[in-house]
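**Student:** Just passing along the structure, written as structure tokens.
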Amino acid sequence: MTGDHDEIMPVVTTDVNRERDELRLALENIMASQQPVALITLDVNKFRDFNLTLGHEMGDAILHHVRNRLRRLLRKDDRLYRIGDDEFAIVLKPVLSRDHAQIAINKLEDLLARPIDVDGDRVTVSASVGAAFFPDSARDANELLRQSQFALYLAKEGSDFHVVYDPQLEGQQDAIRNLAIGLKQALDRNALELKYQPIVEISDSRIAHVEALIRWYDPDKGRISPLQLVRVAEQTGLIRPLTNWVLNTALRECGEFSNLKISVNLSVLNLDDPELVELVKRSLSTWRVAPRRLCLEVTETAMMADPDRNQGVLQELSQLGVELSIDDFGSGYSSLQYLKRLPVHNIKIDREFVSEIGNEDGDTRIVEAVTQLGHSFGLTVIAEGVEDAASLGVLQRLGCDMAQGFHLSRPIPLDALSELLPHQLPAA
Ligand code: C2E
Ligand code: MG
Ligand code: MG
94 MTGDHDEIMP VVTTDVNRER DELRLALENI MASQQPVALI TLDVNKFRDF
144 NLTLGHEMGD AILHHVRNRL RRLLRKDDRL YRIGDDEFAI VLKPVLSRDH
194 AQIAINKLED LLARPIDVDG DRVTVSASVG AAFFPDSARD ANELLRQSQF
244 ALYLAKEGSD FHVVYDPQLE GQQDAIRNLA IGLKQALDRN ALELKYQPIV
294 EISDSRIAHV EALIRWYDPD KGRISPLQLV RVAEQTGLIR PLTNWVLNTA
344 LRECGEFSNL KISVNLSVLN LDDPELVELV KRSLSTWRVA PRRLCLEVTE
394 TAMMADPDRN QGVLQELSQL GVELSIDDFG SGYSSLQYLK RLPVHNIKID
444 REFVSEIGNE DGDTRIVEAV TQLGHSFGLT VIAEGVEDAA SLGVLQRLGC
494 DMAQGFHLSR PIPLDALSEL LPHQLPAA
């Protein structure tokens, strides 16, 4: 029953408030004697899901196992407190350096990674951790607790296992909040813009496909890079409205160019959104665009982060009739097993391998191998980041199907696309 030797403790309701007070008192005493201390706070991820799916008794039992594991970390003078339903605090004392606390955090990660056996069920628990130090940044117990919990919050937001508090993080968080407010207003006022980058058929230089790329110019902050914008949207719950805006704008603006395929990028968080499929369906029907003309790009890293979990939503999207591309292929790790199983149509070779293809023998071989691999799975292979005619020539020789890059065209506004579409682009 307890395969990993966790002793089962009777399920008792811990007095969280009392433990919180005890923690505060302990910190005040330590600080009064000027001893260096690290305060680690830890929160079990998605604990509410355990309670909902497995029941409260099981939830309590899991927390007891977690608590027992945390105890194993403690040295003689370290202390453990439960300060929230699924939140714990560990006081490490003395702490000789930050490295010392880091070792404890690494150990914590190892301890928690092992599955827990509760009444014959194997449960894997993940957690996020924040750490703050006295006397480095905090002056009193409340401040130390707030800083450690702030670091914990950032760890949760950024999907890191742990974050160590640093005063600079507060400034960054303010900047993110500021950008999020600006982004929300820009979405409400329709002040964002899309540019379209042609993706060209290598055999005949035809533009059969464009990729929609978000652009945001803020009057106060200037141009904000797409990657930064997407990151802010991901961190502040704005990714759904942003994706919805991009999808609808791209389909509205490009719908009328008959047969043109339109790529839209998805964030990893979109794949977790239960409304994504409905959102895609609705935008296609609103703008009366045939599903086969929409292509959704997901980066290799996002797709392979949890391929089993993503398979369902990708399958549903594919059943709608839309195409799926693995973006930035080669920058992450793909298992061939999943390449076979996931319903993808295109792979886009990361520009890191393409931009030097004329000069770098290694890159040429990688692109050749990926092209052959893609073709053997029946996929269309697109090379990103084609910056000169020589590279395009090499790609043609290697049998790559399509190319995208500054040599062919930079991302351009809609009116320029309308002018360009009837014309041919530079050939190899
Ligand atoms: P991506 O999807 O891989 O898009 C291609 C990026 O490469 C674009 O950068 C494009 O401007 C750039 N690029 C194209 N050809 C060349 C070239 O020849 N040389 C070089 N050096 N760069 C080239 P951009 O527009 O800055 O977008 C960066 C990333 O931001 C995109 O990478 C995509 O991951 C993300 N992104 C952009 N728009 C959206 C969006 O609407 N939604 C989401 N979720 N992500 C977006
Ligand atoms: Mg893309
Ligand atoms: Mg890409």
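When the sequence shown is numbered by my numbering, its final residue is 521 and no position is left out of the sequence of numbers.
Heads up, the beta-carbon is just placed ideally off N, CA and C, and yes, glycines get one too.
In this text the structure is predicted, and so the values were computed from the model without any measurement.
(1) Helix, strand or coil, according to DSSP, for S221 in the structure here?
(2) Rounding to the nearest angstrom, what Cα-Cα distance links A483 and P291 in this structure?
(3) Roughly how many angstroms lie between the CA atoms of R162 and G152, to the nearest whole one?
(4) Hey, how far is the Cα of D443 from the Cα of Q128?
(5) Give the DSSP-derived three-state secondary structure of D399 in the structure shown.
(6) With a CB to CB cut of under 6 Å and the five nearest residues on each side skipped, what residues in its chain are close to S376?
(7) For the alpha helix (DSSP H) that H302 lies in, which residues bound it at each end?
(8) Going by other Cβ atoms of all chains shown within 10 Å of its Cβ, with 16 needed for buried, is H500 buried or exposed?
(9) Do you know how far the Cα of F470 is from the Cα of P187?
(10) Give me the residue from H516, L432, A383 and W309 with the minimum Cα distance to L92.
(11) How is C347 classed by DSSP in three states: helix, strand or coil?
(12) Report the residue from A154, Q240 and G223 whose alpha carbon sits nearest the alpha carbon of D214.
(13) Just the Cα atoms here: how many angstroms apart are L507 and L353?
(14) Once DSSP output is grouped into helix, strand and coil, what is the label at F446?
(15) I'd like the ranges of any beta strand (DSSP E) spanning at least 3 consecutive residues and lying wholly in the region 435-517.
(16) Start and end of the beta strand (DSSP E) containing N358?
(17) Give the DSSP-derived three-state secondary structure of E393 in the structure shown.
(18) Looking at the unbroken alpha helix (DSSP H) that takes in E121, where does it start and where does it end?
(19) Between A197 and A225, is the Cβ-Cβ spacing less than 8 Å?
(20) In or out: Y426 buried (at least 16 other Cβ within 10 Å) or exposed?
(21) Helix, strand or coil for Q128 per DSSP?
(22) Please go through the same chain and pick out, in chain order, the residues whose beta-carbon is closer than 8 Å to the beta-carbon of V105, but skip the five residues on each side of it.
(23) Any heavy atom of ligand 2 closer than 7 Å to the CB of E445?
(24) Does the beta carbon of E477 fall short of 7 Å from some heavy atom of ligand 3?
**Tutor:** Reading it off the structure:
(1) When secondary structure is reduced to three states using DSSP, S221 falls in the strand class.
(2) Taking the CA atoms as reference points, A483 sits about 19 Å from P291.
(3) Whole-angstrom Cα-Cα distance: 15 Å.
(4) So the alpha carbons of these two residues sit roughly 51 Å apart.
(5) Here D399 carries a coil assignment [DSSP, helix/strand/coil].
(6) Excluding sequence neighbours, S376 sits near L340, N341 and L344.
(7) In the DSSP annotation of this structure, H302 is not part of any alpha helix (DSSP H); the continuous beta strand (DSSP E) holding it starts and ends at I300 to D311.
(8) Counting Cβ neighbours within 10 Å, H500 comes out buried, since at least 16 surround it.
(9) Straight-line Cα distance between these residues: approximately 58 Å.
(10) Residue 92 lies beyond the range of the chain shown here (94 to 521); nothing can be said about it.
(11) Secondary structure at C347: helix, using DSSP grouped into helix, strand and coil.
(12) Among A154, Q240 and G223, the Cα nearest to that of D214 belongs to A154.
(13) In this structure, the straight-line span from the alpha carbon of L507 to that of L353 is close to 13 Å.
(14) Note: F446 maps to helix in three-state DSSP.
(15) Counting whole runs of 3 or more residues, the region 435-517 contains the beta strand (DSSP E) stretches 439-442 and 473-476.
(16) Unbroken beta strand (DSSP E) run through N358: K354 to N358.
(17) Residue state, collapsed to three classes: helix.
(18) Segment V109 to A125, the alpha helix (DSSP H) holding E121.
(19) No, these two residues do not count as a Cβ contact at 8 Å.
(20) The residue is exposed, with fewer than 16 neighbouring Cβ atoms inside 10 Å.
(21) Per DSSP, reduced to three states, the secondary structure at Q128 is coil, with no helix or strand assignment.
(22) Caution applies to V105, whose pLDDT of 42 falls short of 50 and renders its modelled position unreliable; the value that the coordinates give is listed next. Nothing meets the Cβ criterion.
(23) No, the Cβ of E445 stays beyond 7 Å of every heavy atom of ligand 2.
(24) True, at least one ligand heavy atom lies under 7 Å from that Cβ.
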